[in-house]
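I have placed the structure first, in the form of structure tokens, so that the comments after it can refer back to it.
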Amino acid sequence: MSFRNFLFSKTLNIAITGVVLGGLALPLSQNAAAEECSQSVEAVWLDTYSVEADAQGECGSAEVSLAVFNQSGGIEYQATFDQNDLFGFYGIETLTDMQAALLDWISGYTDVATSAKLPVWPEGAEGPQAGEFPFYAEEGVTREIYERARQEERPMVCFIQGTESQLCLVKNPKSGALESIGVQTFPG
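Residues in the sequence shown are numbered consecutively from 585, following the working numbering.
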């Protein structure tokens, strides 16, 4: 066997071994990074509404859901998001980190106030004036409805619903239902 053939056979053996070992290592590393993140946390908003946030699936690609219930157990608000579409959920790879993010989402990052905190919607303007980070009124919410809600100082809760925005829900004084008044943007 010539030196050239010897070298070629050794190189071929090393290449085949590398491919086989690399093929085995890839599934192992993928399994290690794909920790199960399914869990649920709870909080109370406005002393009346129970809130449940949960994650379903593997860390890094879980679906994250939020449900707000009234005292009768009826659903006031419900939505599901991809974890990477929500501020505060980027790069979560462990069950512990997911639990912390869920708790922050429904408690730490939640803004509980009154509708008086909403930006003014001047007469003749297309929408509320909030400076650099606009507030967008919910479709169907007119200036009259919006400004009345501001003047009545209704209980309000705003929570992250995107990478750069919070959805604000106000309590209807007659029915007690939570109603979306709009979205406040923030730097993401």
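Beta carbons: idealized from backbone N, C-alpha and C, even for Gly.
Being a predicted model, the structure only gives us computed values, none of them experimental.
- Remark: C-beta atoms of threonine 747 and leucine 670 approach each other more closely than 8 Å.
- Isoleucine 676 and proline 739 have their C-alpha atoms roughly 32 Å apart.
- Annotated three-state conformation of tyrosine 720 is strand, per DSSP.
- When Ser691, Ser656, Glu736 and Gln667 are compared, the shortest CA-CA separation from alanine 646 is found for Gln667.
- Annotation for isoleucine 729: the continuous alpha helix (DSSP H) segment containing it runs 727-736.
- CA-CA distance, tyrosine 674 to glycine 711, rounds to 31 Å.
- Apart from the 5 residues on each side of it in sequence, glutamate 626 sits with its Cβ closer than 7 Å to the Cβ of Ser634, Val635 and Glu636 in its chain, given in chain order.
- Between glutamate 737 and the set Leu702, Val725, Thr726 and Gly692, the nearest pair of CA atoms involves Leu702.
- In this structure valine 652 is in contact with leucine 762, their Cβ atoms being roughly 6 Å apart against a cut-off of 8 Å.
- By alpha-carbon distance to tryptophan 629, the top candidate from Glu642, Phe743 and Gly724 is Phe743.
- Look at threonine 698 here: in three-state DSSP terms it is strand.
- Of the residues Val754, Tyr693, Gly692 and Phe717, the one whose Cα lies closest to the Cα of glutamine 735 is Val754.
- For aspartate 666, the enclosing beta strand (DSSP E) starts and ends at 659-666.
- Collapsing the DSSP output to three states places alanine 714 in coil.
- Each residue's CA atom was taken as its position, placing threonine 694 and valine 725 some 22 Å apart.
- Taking the CA atoms as reference points, alanine 733 sits about 15 Å from valine 767.
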